(Lines of atoms letter the chains of each structure in order from A and count residues from 1; the text may use other names and numbers.)
(Lines give C-alpha, C1' and ligand atoms only; values in the text may rest on other atoms or scores of the structure.)
Protein backbone atom coordinates (compact mmCIF):
# COMPACT_ATOMS: atom_id res chain seq x y z
CA UNK A 1 0.00 0.00 0.00
CA UNK A 2 1.44 3.37 -1.00
CA UNK A 3 1.67 6.29 1.38
CA UNK A 4 -0.68 9.25 0.88
CA UNK A 5 0.40 11.92 -1.60
CA UNK A 6 1.94 15.08 -0.17
CA UNK A 7 0.50 18.22 -1.75
CA UNK A 8 2.25 21.59 -1.38
CA UNK A 9 0.06 24.62 -2.06
CA UNK A 10 0.24 28.37 -1.59
CA UNK A 11 -1.60 29.58 1.50
CA UNK A 12 -4.70 31.71 1.21
CA UNK A 13 -5.70 34.52 3.53
CA UNK A 14 -8.29 32.13 4.99
CA UNK A 15 -5.38 29.92 6.20
CA UNK A 16 -3.77 32.70 8.23
CA UNK A 17 -5.47 31.89 11.56
CA UNK A 18 -4.31 28.26 11.34
CA UNK A 19 -0.81 29.33 10.26
CA UNK A 20 -0.41 31.71 13.19
CA UNK A 21 -1.83 29.16 15.63
CA UNK A 22 0.95 26.78 14.57
CA UNK A 23 3.63 29.47 14.85
CA UNK A 24 2.31 30.60 18.24
CA UNK A 25 2.43 27.01 19.53
CA UNK A 26 6.19 26.85 18.86
CA UNK A 27 7.14 30.42 19.77
CA UNK A 28 7.72 31.67 16.21
CA UNK A 29 6.76 35.16 15.06
CA UNK A 30 3.30 35.38 13.45
CA UNK A 31 2.92 35.69 9.69
CA UNK A 32 2.11 38.98 8.01
CA UNK A 33 0.28 37.80 4.92
CA UNK A 34 0.87 40.79 2.63
CA UNK A 35 4.68 40.53 2.76
CA UNK A 36 5.09 36.77 2.82
CA UNK A 37 4.88 33.85 0.42
CA UNK A 38 3.55 30.97 2.51
CA UNK A 39 3.27 27.32 1.53
CA UNK A 40 1.21 24.64 3.26
CA UNK A 41 1.88 20.92 2.97
CA UNK A 42 -1.17 18.67 3.05
CA UNK A 43 -1.40 14.90 3.36
CA UNK A 44 -4.78 13.40 2.48
CA UNK A 45 -6.31 16.91 2.67
CA UNK A 46 -5.00 17.39 6.23
CA UNK A 47 -2.64 20.30 6.92
CA UNK A 48 0.73 18.80 7.78
CA UNK A 49 3.29 21.61 7.63
CA UNK A 50 4.11 25.18 6.67
CA UNK A 51 6.96 27.41 5.59
CA UNK A 52 7.41 30.96 4.38
CA UNK A 53 9.50 33.40 2.44
CA UNK A 54 9.41 36.85 4.06
CA UNK A 55 10.12 39.92 1.92
CA UNK A 56 12.75 42.00 3.77
CA UNK A 57 13.87 44.68 1.35
CA UNK A 58 14.69 44.91 -2.33
CA UNK A 59 16.78 41.88 -3.27
CA UNK A 60 16.58 40.24 0.16
CA UNK A 61 14.15 37.67 1.58
CA UNK A 62 14.17 35.32 4.54
CA UNK A 63 13.27 31.65 4.32
CA UNK A 64 11.88 30.45 7.61
CA UNK A 65 8.99 29.28 9.69
CA UNK A 66 9.45 25.71 8.53
CA UNK A 67 7.24 23.60 10.77
CA UNK A 68 5.87 20.09 10.32
CA UNK A 69 3.23 18.81 12.73
CA UNK A 70 4.59 15.97 14.90
CA UNK A 71 2.38 13.24 13.41
CA UNK A 72 3.72 14.03 9.90
CA UNK A 73 7.46 14.17 10.62
CA UNK A 74 10.07 11.89 9.02
CA UNK A 75 8.19 11.84 5.70
CA UNK A 76 10.30 14.41 3.81
CA UNK A 77 7.71 17.16 4.16
CA UNK A 78 10.12 19.86 5.41
CA UNK A 79 12.44 19.10 2.48
CA UNK A 80 9.57 19.50 0.00
CA UNK A 81 8.46 22.77 1.59
CA UNK A 82 11.97 24.27 1.51
CA UNK A 83 12.55 23.12 -2.08
CA UNK A 84 9.26 24.65 -3.24
CA UNK A 85 9.83 27.89 -1.32
CA UNK A 86 13.19 28.37 -3.02
CA UNK A 87 11.91 27.34 -6.46
CA UNK A 88 8.64 29.32 -6.33
CA UNK A 89 9.93 32.40 -4.47
CA UNK A 90 7.99 35.26 -6.14
CA UNK A 91 10.32 38.06 -5.05
CA UNK A 92 13.30 39.28 -7.14
CA UNK A 93 16.15 38.06 -4.96
CA UNK A 94 19.91 38.49 -4.63
CA UNK A 95 20.05 36.82 -1.22
CA UNK A 96 17.85 34.36 0.62
CA UNK A 97 18.61 34.56 4.34
CA UNK A 98 17.84 31.81 6.82
CA UNK A 99 18.23 31.62 10.61
CA UNK A 100 17.76 27.94 11.44
CA UNK A 101 18.44 26.10 14.64
CA UNK A 102 22.12 25.14 14.65
CA UNK A 103 21.36 21.42 14.43
CA UNK A 104 19.65 22.04 11.06
CA UNK A 105 22.52 23.83 9.30
CA UNK A 106 23.49 20.73 7.30
CA UNK A 107 19.87 20.31 6.15
CA UNK A 108 19.83 23.89 4.80
CA UNK A 109 23.32 23.42 3.40
CA UNK A 110 21.84 20.79 1.06
CA UNK A 111 19.90 23.64 -0.57
CA UNK A 112 22.97 25.83 -1.09
CA UNK A 113 22.84 27.87 2.13
CA UNK A 114 26.22 28.85 3.59
CA UNK A 115 26.88 29.65 7.25
CA UNK A 116 27.94 33.26 7.87
CA UNK A 117 29.55 35.06 10.77
CA UNK A 118 28.93 38.69 9.87
CA UNK A 119 28.55 41.53 12.35
CA UNK A 120 24.90 42.42 12.88
CA UNK A 121 25.45 45.97 11.62
CA UNK A 122 26.63 44.57 8.25
CA UNK A 123 23.35 42.70 7.67
CA UNK A 124 20.03 43.88 6.23
CA UNK A 125 18.17 45.67 9.05
CA UNK A 126 15.38 43.10 9.41
CA UNK A 127 17.85 40.20 9.57
CA UNK A 128 19.92 41.88 12.29
CA UNK A 129 16.67 42.57 14.21
CA UNK A 130 15.64 38.92 13.82
CA UNK A 131 19.06 37.74 15.07
CA UNK A 132 18.64 39.97 18.15
CA UNK A 133 15.09 38.64 18.68
CA UNK A 134 16.37 35.04 18.44
CA UNK A 135 19.10 35.78 20.99
CA UNK A 136 16.43 36.97 23.46
CA UNK A 137 13.56 34.58 22.74
CA UNK A 138 14.90 31.30 21.35
CA UNK A 139 16.56 28.91 23.78
CA UNK A 140 18.19 26.69 21.12
CA UNK A 141 21.29 28.02 19.32
CA UNK A 142 20.67 29.41 15.82
CA UNK A 143 22.99 30.13 12.89
CA UNK A 144 22.89 32.77 10.19
CA UNK A 145 22.87 31.32 6.68
CA UNK A 146 22.64 32.82 3.20
CA UNK A 147 21.97 31.55 -0.29
CA UNK A 148 22.95 33.91 -3.10
CA UNK A 149 21.24 33.84 -6.46
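Residue numbers (the working numbering): 26 to 174. Glycine included, every Cβ here is placed at the ideal spot set by N, Cα and C. All values reported here derive from a predicted model rather than from experimental measurement.
Per DSSP, reduced to three states, the secondary structure at residue 54 is coil, with no helix or strand assignment. Pairing residue 77 with residue 142, the inter-Cα distance amounts to about 23 Å.
For residue 132, the enclosing alpha helix (DSSP H) stretches over residues 130 to 134.
DSSP lists no bridge partner for residue 157. In the three-state reduction of the DSSP assignment, residue 45 falls in the helix class. Here residue 133 is buried, its C-beta having at least 16 other C-beta atoms within 10 Å. Under a 10 Å Cβ-count criterion, residue 38 is classified as exposed, with fewer than 16 other Cβ atoms of the shown protein chains found around its own Cβ.
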